[in-house]
Each structure stands twice: as structure tokens, then as C-alpha cells.
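Below is one structure, written out as C-alpha cells; comments come after it.
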Amino acid sequence: MPVDNAIGLVLGSAIAPSDLASAARMAEQGGFDEIWLAEDFFFTGGISGASLVLSGTEHPTVGLGVVSAMVRHPALLAMEISTISAAYPGRLIAGLGLGVPGWIRQMGLHPRSPLAAMRESVTSVRRLLSGETLDEQGDVFDFHDVSLTYPEEGVPTPIHMGVTGPKMLRLSGEIADGTVLSVAAGHDYVRWAKERIDEGQRAGERSGPHRITLFAIYSVADDRDEARGAVRDALAFYKSLGTNALTDVPGISEQLRGLIDSGGYQAVRDGMPDQWIEDLTIAGSPEEVATKIEGFHEIGADCVALFPMPSDHVDRIVRQTSEQVIPLLKTRR
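25 is the number of the first residue of the sequence shown in this note's numbering; add one for each residue after it.
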């Protein structure tokens, strides 16, 4: 079950499928509370990856972080979630999102109304998991006498939404059990996002806890400059995808658009200020990263899930985090 002020590890994407199970075991042995499986197209599958991690570990909560509501019909998502939760009761968080628009368009799956797609996906998955039979036509998804042979029993799997913009964040507060916030989010954005989520909770008359998980581009090293240099490529990659609320809230969108227009990823990598690395990643010495993780906990992140960079140094980063960072954090809880 999730714990307060949790420390998570994000696996997937550039990590080879053959390395997922061993990385997860190392994370469990090192004291990580949660393991999240990213599903960036077209690297490693989130659902299959989560199954590998669950089968190779005993205790950590495992999150789908996040799978696209468009690539899998809600009936299929519900079937997959119920299968995993039956095999590993109480250990799964289902994170659902629209997906990166450029990747979704590659498959011809971008919806006319992203809000309608997310509302229908989340609510339909929850209803199917609870044992309902759906026979209805939605704006995005249709159901003709659909029900699960094996709906969930006992405590339902929490459904979190992986979203960024104000309308989606309000929707998450209204209908979801938690929110997964994207990498490259700073303190200003996290506070702003939490306000939008709270607005949605009030609109949906939801009074229960709404768990916030923050994904953070991460590197730790004895040499702080080495760690900060290790996250530059990843931060530039995500920022070169374009501007959105993550860049609007801290007021860097205009500068970012100028860099993108002047040369895309390479211009962003070479031209972004060092302050962006300071504000939008968790990178530095063990003491520095522990303090940064604490800072995000203090402003409302229930779990800080660390996305290790560079990906070919995952074993070293997980080991150093386990030995030098997590002990610091656990003594301060």
C-alpha cells in the first residue's frame, strides 16, 4: 500500500525490457517505496513491464505511469487491470493519460475531444472493474453489452490521471483517485496543479484524499556538476517537444519557443539556462537531491518518483540513491 512521503523509481522507456526485473529487485532491496513503469512510445510496454516488475518483487507498490487511454479501449484496459490486481492484490496503481499528442497522432488516434476521451475512459474503466455491464454509446468509446468475467473484488485499484493542463487537472480532481505530474515540473507548477486539482475535487464533491505523484528527471553523483550535466539531454528532449502549462506557469514558454524555432532539440540543449536544470530536475550530490526531494514533498507531492539519467547508469544511480539518499530521507520522515 502507498506510504506517506514516498520515494519512487521510474523504469521503462530507454531501459531494455531484459533489465526491468533486475532493476526493480535492486530498487526493492534499496528501500524504494514505489516503482512506476513509463510507457513512452515506442520503447517498452507499461502493462507488460508492470507485470514483470510485480512478478520479480514482493512489497513495492507498482504504478502504470502512464498508459494511454486512446491506444487501448477502456474495456481492454479494465480487463488488463483486473487481471494484474487479482494476481497482485493491493499493489497496483493504474495511471491513465491521453499520451504525448505527437505519438498518438502517429497512430491516428488523437481524439477530437481529449477531455471527453479521458472522462469516458476513467469512468468506464472504474465501472467495469466494479462489475457493471456497459451498453452505451459515448462521444469517444462505444460499449455493447460489455462486462468483465473477473471484475475486481475487495479494495478497488486506484485510478490516477497523468495530465498537465488546467482543464485536465480539474477533471482529475473530479473523477480520479490521484494525479501523476509530468517530468520537468518545478515548485510553481506543482502548487498551481494542486490548486486546479482541488477545484476539481470541489466540483465533483469528492472529499477523500487525492494522491499526487511527481515524476522527476534525476541524477545523483558525488560531483554535483557531473549529476547536473547528466540530466541536460533528458530535460532538453522533453522541453523540445513544445510549450504547455509546464512552461507557461514558470514563465519560460517564450524563451523556450525561441530556442525551438532556432534549432530544435540541439538549440534547447545548448541554450537553456542552468537555472532550468536547478528548478526543473532533481540533480546533484546525495545531500542536495535529498533536500530537493523533501522540498517537493513539502509542497504537496505524496510520492516523488525518480527518473534516473543517464539510462545506461541506472544500476549505479539506484545503488547510490539506496545507500546515500534514502537513508537521509527516512531519518527525516
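For every residue, glycine included, the Cβ atom is placed at its ideal position computed from N, Cα and C.
In summary, S154 is exposed, with fewer than 16 beta-carbon neighbours lying within 10 Å of its beta-carbon over all protein chains present.
Taking C-beta atoms as the reference points, S243 and A254 count as a pair closer than 8 Å. Listed in chain order, the alpha helix (DSSP H) elements of length 4 or more contained wholly in the region 61-148 are 70-80, 98-111 and 125-130. Contact between the region 308-315 and the region 228-244 is present: three or more C-beta pairs spanning the two stretches fall below 8 Å.
Its Cα nearest to that of Y262, the residue Y289 stands out among V90, Y289 and I276. Straight through space, the alpha carbons of A258 and H134 are spaced by roughly 25 Å.
Following the DSSP letters along the chain, one finds S196 inside the alpha helix (DSSP H) bounded by residues P190 to I199. Here F66 is exposed. Its C-beta has fewer than 16 other C-beta atoms within 10 Å. Within its own chain, the residues whose Cβ lies closer than 6 Å to the Cβ of G36, once the five positions on either side in sequence are excluded, are L61, A62, T68 and G73, listed in chain order.
With a contact defined as Cβ atoms closer than 8 Å, V207 and F165 miss out at about 28 Å. Using a Cβ-Cβ distance cut-off of 8 Å, the region 192-204 and the region 214-233 are in contact, since at least three pairs of beta carbons, one from each stretch, lie closer than that value.
For the region 207-231, the continuous alpha helix (DSSP H) assignments of 4+ residues that do not extend past its boundaries occur at 211-227, in sequence order. H321 carries a helical assignment under DSSP once its states are collapsed to helix, strand and coil. Only residues of its own chain outside the window of five on either side were considered, and among them L33, A47, M50, A51, G54 and P332 have a CB closer than 7 Å to the CB of V342, listed in chain order. Here L100 is exposed, its C-beta having fewer than 16 other C-beta atoms within 10 Å. Secondary structure at S243: strand, using DSSP grouped into helix, strand and coil. Boundaries of the beta strand (DSSP E) harbouring A329: C327 to P332, taken from the DSSP string.
Residue state for L280 is assigned as helix, using DSSP reduced to three classes. Counted as a single uninterrupted DSSP element, the beta strand (DSSP E) harbouring A30 occupies residues A30 to G36. Distance from the Cα of A307 is smallest, within the candidate group G210, Q225 and A227, for G210. Distance check between E82 and each of I59, H184 and D169 places I59 closest, using alpha-carbon atoms only. Looking at the backbone, the Cα of G80 and that of V86 are separated by about 11 Å.
Non-local C-beta neighbours of A110 in its own chain, meaning closer than 7 Å and more than five positions away in sequence, comprise Y174, ordered along the chain.
Membership of I341 in the alpha helix (DSSP H) is indicated by the continuous run V338 to Q344. Straight-line measurement puts the Cα of V146 at about 17 Å from the Cα of A227. At a Cβ-Cβ threshold of 8 Å, I317 and L353 count as neighbours. The beta-carbon separation of L139 and P98, rounded to 15 Å, does not stay under the 8 Å limit for a contact.
Beta-bridge partners of A307 (DSSP): S243. Burial is judged here by how many other beta carbons sit within 10 angstroms of a residue's own beta carbon; R194 has at least 16 and is buried. By the criterion of a C-beta distance shorter than 7 Å, K191 is surrounded in its chain by L139, once the five residues flanking it on both sides are discounted. Across the set G114, S346 and D339, the C-alpha of D339 shows the shortest separation from the C-alpha of D43.
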